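Engineer: Submitted below is the structure of interest, expressed as structure tokens.
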Amino acid sequence: MRTLTIFTHILLFTLASLSYTANATLILEWNSNSTSSNNPATGASAKATLNFINDIDFATNGLVVIQMLIRNTTDEITAFGAEATTSKLTGIAFDLVAPNQGLDQTNFTGGNFLTTMIIGADAQPFGTLDFAAANDGDFNGGGTPNNALSEGVEDSLSVKVGFNGLSALQVEAAFKVGFMDSSDSGLNYVARFQQVNGGTNGNDASDKLDGGECCGDGGGGPPTEVPEPSVLFLLGSALLALSLRKKVA
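Residues -24 to -1, 1 to 225, numbered by mature numbering (1 follows the signal peptide of the UniProt record, and there is no 0), are exactly what the sequence shown covers, in order.
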């Protein structure tokens, strides 16, 4: 009986010490619901999965990590527009929840393809967006698409931004509201393509898609709270203590 009592105290202490990392995900899709810079749209498409996590030093720096998994979905979804089957995704851009701070190159980690962060990205005819990740420094026009994402290819990158102390869960919720707001006060999101085999320029068309679909959570469930490794260690230690005492008894 005493063994159970000791274990109970350890377990209660562990549970009382739980420390969580806020974690929330939403998905942006550029598809037939998007507004294209072409008429008709080329049919190029893309998807961005955004994962929001409190920075490891969130308590002191207030930064939220936005992890991005970007995929060129051309020829992977239902065809639309000129029904493109090949393209190069040269970048994605989106507005940020305001107020924000800390958006600079030192807080950006590029991917294998989208290596460059652009602050105040020119995404004409869809305006200027707060943040962009691209394969070079030019989001609006020109540049080379040779090292961009081909159809079916994806890339991982991240950026850290502060939002006046809001946690990752709060930031994700604010982004979701903004992305789903189609008014002028909403948040815009744009994808840019080159070397598309659709549209009036044959196999060398370019296209930008504004908006589309938001905001899936990547799995149909609510935002989750994930235990820190230290919590799992404490819980494991408690279970080990119970096991050893049972063997001694």
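For every residue, glycine included, the Cβ atom is placed at its ideal position computed from N, Cα and C. Values in this document were obtained by computation on a predicted structure and should not be read as measured data.
Can the beta-carbon of residue 39 be found closer than 7 Å to that of residue 136?
Structural biologist: Along the sequence shown, one-based indexing puts residue 39 at 63. Along the sequence shown, one-based indexing puts residue 136 at 160. Closer than 7 Å, so yes.
Engineer: Taking 8 Å as the limit between beta carbons, can you name the residues of its chain near residue 52, skipping five residues before and five after?
Structural biologist: The residue labelled residue 52 in the question sits at position 76 within the sequence shown. Contacts found: 21, 127, 128.
Engineer: Do residue 125 and residue 65 have their C-beta atoms within less than 7 Å of each other?
Structural biologist: Position 149 of the sequence shown, counted from the first residue, corresponds to residue 125. Position 89 of the sequence shown, counted from the first residue, corresponds to residue 65. Yes; because the gap between Cβ atoms is below 7 Å, this pair is in contact.
Engineer: Heavy atom of the ligand FMN less than 6 Å from the Cβ of residue 99, yes or no?
Structural biologist: No copy of the ligand FMN occurs in the structure displayed, which carries no ligand at all.
Engineer: What is the rounded straight-line gap between the Cα of residue 57 and the Cα of residue 8?
Structural biologist: Along the sequence shown, one-based indexing puts residue 57 at 81. Along the sequence shown, one-based indexing puts residue 8 at 32. Their Cα atoms are separated by approximately 8 Å.
Engineer: In three-state DSSP terms, what is residue 100?
Structural biologist: For the purposes of this step, residue 100 is identified with residue 124 of the sequence shown, where counting begins at 1. In the structure shown, residue 100 sits in coil (DSSP, three-state: anything other than H, G, I, E or B).
Engineer: Using CA atoms only, rank isn't needed, just tell me which of 190, 139, 192 is closest to residue 35.
Structural biologist: For this step, residue 35 is matched to residue 59 along the sequence shown. The candidate whose alpha carbon is nearest that of residue 35 is 139.
Engineer: Here's a check: name, in chain order, each residue in its chain whose Cβ is nearer than 8 Å to the Cβ of residue 152, leaving out the five neighbours to either side.
Structural biologist: Mapped onto the sequence shown, residue 152 falls at position 176. For residue 152, where only same-chain residues beyond five positions count, the Cβ hits under 8 Å are 2, 190, 191.
Engineer: Return helix, strand or coil for residue 49, following the three-state DSSP convention.
Structural biologist: Position 73 of the sequence shown, counted from the start, is the residue given in the question as residue 49. Residue 49: coil per DSSP, three-state reduction.
Engineer: How many angstroms separate the CA atom of residue 172 from the CA atom of residue 62?
Structural biologist: Within the sequence shown, numbered from 1, the residue matching residue 172 stands at position 196. Within the sequence shown, numbered from 1, the residue matching residue 62 stands at position 86. Near 6 Å, if we compare the C-alpha coordinates of residue 62 and residue 172.
Engineer: To the nearest angstrom, report how far apart residue 130 and residue 169 are at their CA atoms.
Structural biologist: In the sequence shown, counting from the first residue as 1, residue 130 sits at position 154. In the sequence shown, counting from the first residue as 1, residue 169 sits at position 193. Taking the straight line from one Cα to the other gives about 14 Å.
Engineer: Report the three-state DSSP secondary structure of residue 54 (helix, strand or coil).
Structural biologist: Here residue 54 refers to the residue found at position 78 when the sequence shown is read from its first residue. Note: residue 54 maps to coil in three-state DSSP.
Engineer: From what residue to what residue does the alpha helix (DSSP H) around residue 145 run?
Structural biologist: Locating residue 145 in the sequence shown gives position 169, where the first residue counts as 1. Unbroken alpha helix (DSSP H) run through residue 145: 144 to 156.
Engineer: For residue 67, I'd like the list of residues in its chain whose CB is within less than 7 Å of its CB, leaving aside the five on either flank, ordered along the chain.
Structural biologist: Position 91 of the sequence shown, counting from 1, holds the residue named residue 67. Excluding residues within five positions, the ones whose Cβ falls inside 7 Å are 90, 108, 109, 110, 111, 115, 168.
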